[in-house]
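*Asks:* There's a structure below that I have some questions on.
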Amino acid sequence: MKKSLKNIFIFLVFLFLFLPIIVLVIFSFNSSELNIVFENFTLNWYINLFDNRELIEAFSNTIIIAIVSTIISVIIGTLGAIGLHKYDFAFKNVINKLLYIPIVIPEIVLGISLLSIYTLFKLELSIYTILLSHIVFSIPFVVVSVRSAISNNVDVLENASYDLGASNFQTLFYVTLPSILSGVKSGALLSFTLSLDDVIISYFTAGPSSNTLPLKIYSMIKTGITPDVYALSTILLLVVFIVLTISILVQMRSIRRNSI
Amino acid sequence: MKKILLVFVLFLLVGCSENKNELNVLNWSSYIPDEVIYDFEDKYDIELNYSTYSSNEELLAKVTSAKEGTYDLIFPSDYMVEIMKSKDMLMMLDKTKLKNYSNIDSRYLNMDFDKGNFYSLPFLAASTLIAYNTETIKDNITSYNDLLNPKYREEIVLLDDQRIIIGIALMALGYDMNETSDTAIDSAKEWLLKLMPNVKLFDSDSPKSFLITKEVNIGLIWNAEAGIAMQENPNIRVVYPKEGFNLSVDNYAILKGSKNVENAYLFIDYLLEGEVMKKIIESYPYYNVNTKTNELLNSMYLSNPASNISDDDFSRATLVKNVGTAIKKFDRVWAEIK
Amino acid sequence: MKKENKFFKYLSLFPISFYVIVLILLPLIYIFCLSFLTSDYYGGINYSLTLSNYLNLVDLVYIKLFIKSFLIALVSTFICICIAYPFVIFVSQKKKIVKNIIMTLVMVPFLTNSLIRTYGWIVLLRKTGIVNTFLEDLNVISSPISFIYNDFGIILGMVYTLLPFMILPLFSAVDKIDKSVIEASYDLGSTSFKTFFNIIVPQTKVGLFNGSLMVFIPAIGYFFIADLLGGGKLMLIGNLIKNQFLSARNWPFGAAVSISLVLITFGLVKIYQKIGGKMDDLGGF
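Chains as they are written, first to last, in this note's numbering: chain A, 243 to 502; chain B, 44 to 381; chain C, 26 to 310.
Dropping the structure here:
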């Protein structure tokens with residue numbers, strides 16, 4: 243097949259992926275609230291963004307939940323991955339297998355089973371139940387990505403560290419963690435993005451005072467989304483783009499350096 | 044590094060759990076404008092957590108699955124008040140705490156579902172009506188049976204509410220909307236199956252949007268939704284069907300175990316103020332049950348047939364009743380037609 | 026040589042074991058038990074044992090719903106494969122830096138809210154939406170096309186939301202194929218199609234199945250896509266479960282549906298392992 247045809251295909255796939263995003267960016271500058279035709283250019287939605295209390299509160303809830311759930315799942319997941327690698331115990335295999343459950347089962351099943359357990363234990367649905375639920379689905383992803391970074395090399399290094407008289411914690415902080423850092427990082431990134439965009443599990447475990455941005459948008463879609471939500475999304479998109487561009491630039495530099 | 048993270052986590056956790064002066068309200072979607080809520084929060088310095096539902100069944104499920112005390116104030120319709128009363132979920136209301144109690148239109152007090160209004164007070168009344176766009180639908184629609192016309196393929200939006208929609212099928216066939224005999228329910232199912240090719244959408248949250256954007260041209264929707272659609276597009280007409288129609292009275296009710304009872308009364312009393320109710324009813328033009336507000340309403344509201352029932356039409360209104368375990372027949376029909 | 030430090034062992038293993046037992050195993054066992062109980066019709070649960078929730082599932086209404094839901098998930102998966110395969114093959118032929126940029130860009134939509142993107146499709150495709158208005162202005166069509174609020178809308182939404190989950194595992198599989206094998210195949214006179222089916226597919230079947238799992242399983246449960254793009258009319262298994270828990274008040278029946286879904290999932294995962302798939306590759310993109 244011709245190269246140009248292949249490039250057109252790649253372009254079309256990107257068009258498909260980005261079309262709705264382009265729409266939301268354009269309509270965030272539209273003076274009409276109805277999202278039907280583009281009337282006039284305006285920046286008002288960006289300026290008035292902070293007057294929408296509920297939207298801002300939902301947004302900050304989302305960010306707080308994403309940060310805290312990522313930190314906690316990274317700690318538990320990383321320690322767990324190391325422990326499961328190092329030690330043998332009776333139910334190790336069972337634990338290892340059960341860890342895959344949140345990754346494979348449909349989110350809705352995880353959502354309703356957590357809701358049922360919270361109801362059973364009379365836990366009040368609130369921002370904490372959402373937080374806990376996000377930790378539940380994030381940990382396995384952290385364990386998997388950390389595990390992929392633990393190689394035999396790490397064992398050798400650790401043994402060397404012990405031989406040189408380092409304590410367990412010295413070894414953990416100065417030998418083990420640095421050598422699996424890439425796995426920890428990608429696990430953290432994964433759980434952060436999963437938490438940021440989660441609809442289904444939050445939907446079942448949210449309480450009255452705990453709107454998250456996806457839940458807020460879900461309820462707004464039904465009654466009509468106002469362009470300030472587009473404005474907020476456009477700002478977020480810009481942040482994502484900047485971060486990604488930096489990471490690509492860093493990659494380019496390292497590739498160039500390696501080729502010299 | 045780790046210490047910094049720990050401090051950060053603790054800080055966030057403490058930040059979230061500071062004790063606030065709160066009120067947890069669970070209400071229908073598209074029912075109270077944000078402005079009214081913000082004004083209340085500012086006036087009384089109470090943080091009002093507002094969540095929504097789109098059917099009485101969803102309200103019941105949300106309340107029963109949450110721990111007691113999660114929600115304070117709810118807005119169940121007539122038959123749901125009866126069900127919740129029978130499940131001992133509602134708190135006895137102390138009307139002396141409401142200085143605006145006398146504003147309530149007495150026609151809506153002391154109704155069958157809560158004689159003496161011990162557990163509930165009316166907030167608004169709503170009906171389910173036919174609304175259609177006369178630009179594209181040239182026929183004169185007067186009856187539910189007109190909607191079966193094969194010309195209207197994929198032209199209808201229905202409320203996503205099983206009791207009301209199955210009730211409408213029953214009324215179309217000449218039954219009472221609370222009929223539960225097997226023959227009646229079966230023929231209602233057949234009637235709905237005949238209607239289905241004409242139905243494009245089910246939506247309770249904002250069915251008006253589909254009429255306004257011309258996604259569909261006919262709706263069996265809440266009267267206020269029709270009213271707003273008519274303000275946006277004057278070609279939209281509303282019909283009180285000749286077979287009768289559903290009237291729902293939505294009520295204030297405080298849940299047993301509520302932790303913010305005083306704030307709930309403050310909010311009810313605030314909503315009973317004539318000016319406040321005027322703001323609500325002008326944003327969502329349902330039937331007003333507040334005599335003070337009546338004096339304040341503008342001509343746009345008063346001239347809108349979707350927001351004002353004539354006495355003649357009122358005689359054909361029916362309330363949904365609690366049908367007890369016969370509800371499983373309704374569940375089943377709903378699963379079969381959708 | 027290795028110092029056995031009991032403290033560190035417990036510190037690393039206790040939280041994860043506690044988590045697995047209390048927050049994964051217990052909820053599933055509870056849902057399993059729940060599926061054998063009965064509900065009174067106003068949301069309460071009666072502690073009397075029954076098989077009726079499972080027997081109810083064999084009802085024609087629910088069998089139809091299961092079949093429809095699986096069909097939609099299958100079609101969505103198939104379309105994702107049709108888009109992702111050529112895409113990753115073409116991308117894998119690019120220079121390394123271009124590859125990296127393209128694969129990063131694939132992740133971008135994934136990092137913006139999926140609901141707002143779904144709403145973007147509504148704005149584009151409804152009857153008075155951008156696409157219909159545009160086509161009408163060009164006189165291509167005389168009356169607007171119903172793109173959404175039907176099966177097409179649901180499938181579009183699923184493909185759109187889940188496509189990255191197919192592209193990523195498939196890309197890492199295709200990118201690993203030795204390019205000289207493909208060239209050799211061409212040299213021996215194979216056509217592109219033959220090369221694709223004889224060389225590429227067999228070598229990437231694990232990645233293909235991985236991607237298919239990551240599309241198929243969510244597509245059964247993503248009730249919000251069906252709600253927003255299907256017009257609330259057609260129900261997927263996900264909608265059925267949601268309704269049982271959040272409006273029909275019948276938790277035991279919802280639990281039975283969920284357990285059946287879990288069993289189907291486990292079956293699919295077993296097949297994946299049989300063909301040589303590693304569990305760690307699922308979701309470890």
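Think of the CB as a built atom: it goes at the ideal place given N, C-alpha and C, for glycine as much as any other residue. Note that the structure is predicted; figures quoted are calculated from it, not measured.
If you draw a straight line from the C-alpha of Phe39(C) to the C-alpha of Ile313(A), how long is it?
*Replies:* 18 Å
*Asks:* Asn341(B) to Asn70(B), Cα distance in whole Å?
*Replies:* 26 Å
*Asks:* Once you ignore the five residues that flank Glu585(A) on each side, which residues in its own chain have a CB closer than 7 Å to its CB?
*Replies:* Because chain A here runs from 243 to 502, residue 585(A) falls outside it and cannot be looked at.
*Asks:* Taking the continuous alpha helix (DSSP H) assigned at Pro227(C), which residues delimit it?
*Replies:* Val226 to Gly246
*Asks:* Per DSSP, what kind of secondary structure is Asn266(B) in: helix, strand or coil?
*Replies:* helix
*Asks:* Identify the continuous alpha helix (DSSP H) that holds Leu136(C) and give its terminal residues.
*Replies:* For Leu136(C), there is no enclosing alpha helix (DSSP H), since its DSSP letter is neither H nor E.
*Asks:* Rounded to a whole number of angstroms, what is the C-alpha to C-alpha distance between Lys128(B) and Phe333(A)?
*Replies:* 50 Å
*Asks:* Using 7 Å as the limit for Cβ to Cβ distance, is Pro277(C) near chain A?
*Replies:* no
*Asks:* What residue ranges within the stretch 324–356 of chain A form continuous alpha helix (DSSP H) runs of no fewer than 4 residues, ordered along the chain?
*Replies:* 334–340 and 343–346
*Asks:* Just to make sure I have the definition right: I need the residues of chain C whose C-beta is within less than 8 Å of the C-beta of Asp246(B). Which are they?
*Replies:* Gly256 and Gly257
*Asks:* In angstroms, rounded to a whole number, what distance separates the CA positions of Tyr151(B) and Phe256(A)?
*Replies:* 58 Å
*Asks:* Considering Asp293(B), what are the terminal residues of the alpha helix (DSSP H) in which it resides?
*Replies:* Not the alpha helix (DSSP H): Asp293(B) falls in the beta strand (DSSP E), residues Phe288 to Ile297.
*Asks:* Any idea if Asn306(B) is buried or exposed, counting beta-carbon neighbours within 10 angstroms, 16 or more meaning buried?
*Replies:* buried
*Asks:* Using a cut-off of 9 Å between C-beta atoms, extract the partners of Lys464(A) located in chain D.
*Replies:* The structure shown contains no chain D; its protein chains are A, B and C.
*Asks:* Under DSSP, the alpha helix (DSSP H) around Val156(C) begins and ends at which residues?
*Replies:* Ile155 to Asp162
*Asks:* Would you decide whether Ser246(A) is buried or exposed? Buried here means 16 or more other CB atoms lie within 10 Å of its CB.
*Replies:* exposed
*Asks:* Taking its Cβ as the centre, do 16 or more other Cβ atoms sit within 10 Å of Ile324(B), making it buried, or is it exposed?
*Replies:* Burial call: buried.
*Asks:* For a test of the three-state rule: what should DSSP assign to Ser120(B), helix, strand or coil?
*Replies:* In the structure shown, the three-state DSSP call for Ser120(B) is strand.
*Asks:* Mind checking the stretch 429–454 of chain A against chain B and listing, in chain order, the residues whose C-beta falls within less than 7 Å of any C-beta there?
*Replies:* Gly449, Pro450 and Ser451
*Asks:* Between Lys158(B), Asp374(B), Ser353(B) and Pro240(B), which has its C-alpha nearest Tyr195(B)'s C-alpha?
*Replies:* Pro240(B)
*Asks:* Note down, in chain order, every chain B residue with its Cβ under 7 Å from the Cβ of Arg495(A).
*Replies:* Neighbours of Arg495(A) on chain B: none; closest Cβ ~26 Å, over 7 Å.
*Asks:* Spell out whether any CB of chain B is found under 7 Å from the CB atom of Val311(C).
*Replies:* As displayed, chain C neither begins before 26 nor continues past 310, which places residue 311(C) out of reach and without an answer.
*Asks:* Tell me whether Arg280(B) sits in a helix, a strand or coil according to DSSP, three-state version.
*Replies:* strand
*Asks:* So if I threshold CB-CB distances at 8 Å, which residues from the stretch 256–270 of chain B count as touching chain C?
*Replies:* Thr256, Lys257 and Glu258
*Asks:* Straight-line CA distance for Lys34(C) to Phe43(C)?
*Replies:* 14 Å
*Asks:* Would you mind working out which of Asp356(B), Leu244(B), Ile209(B) and Ser247(B) sits nearest Leu235(B), comparing C-alpha positions?
*Replies:* Ile209(B)
*Asks:* Report the rounded CA-to-CA distance for Phe310(C) versus Thr229(C), giving the unit in angstroms.
*Replies:* No answer about Phe310(C) holds up, because its pLDDT of 46 lies below 50 and its placement is not dependable.
*Asks:* Please look up how many angstroms separate the CB atoms of Ser270(A) and Ala473(A), rounded, as I've assumed it's under 8 Å.
*Replies:* Right, the Cβ-Cβ distance comes to about 5 Å (below 8 Å), so this counts as a contact.
*Asks:* Does the Cβ of Lys27(C) have 16 or more other Cβ atoms within 10 Å, making it buried, or fewer, making it exposed?
*Replies:* Caution applies to Lys27(C), whose pLDDT of 48 falls short of 50 and renders its modelled position unreliable; the model cannot decide the point.
*Asks:* Mind listing the chain A neighbours of Ile41(C)? Cutoff is C-beta to C-beta under 9 Å, in chain order.
*Replies:* Ile318, Gly319, Leu321, Gly322, Ala323, Gly325, Leu326, Ile337, Leu341, Ile381 and Val385
*Asks:* Tell me the DSSP secondary structure of Lys243(B) in three-state form.
*Replies:* strand
*Asks:* In whole angstroms, what separates the C-alpha of Lys427(A) from that of Ser390(A)?
*Replies:* 12 Å
*Asks:* Assuming the contact rule is C-beta atoms closer than 8 Å, Asn272(A) and Phe280(A) should be a hit. Round their C-beta distance to whole Å, please.
*Replies:* 5 Å
*Asks:* With H, G and I counted as helix, E and B as strand and the rest as coil, what does DSSP make of Pro328(B)?
*Replies:* Under the three-state reduction of DSSP output, Pro328(B) falls in the coil class, being neither helix nor strand.
*Asks:* Between which two residues does the alpha helix (DSSP H) carrying Thr107(B) extend?
*Replies:* Asn99 to Ser108
*Asks:* What are the start and end residues of each continuous beta strand (DSSP E) run of 3 or more residues lying completely inside the stretch 194–219 of chain B, in chain order?
*Replies:* Taking only runs of at least 3 residues, the beta strand (DSSP E) segments lying wholly in the stretch 194–219 of chain B are 199–201.
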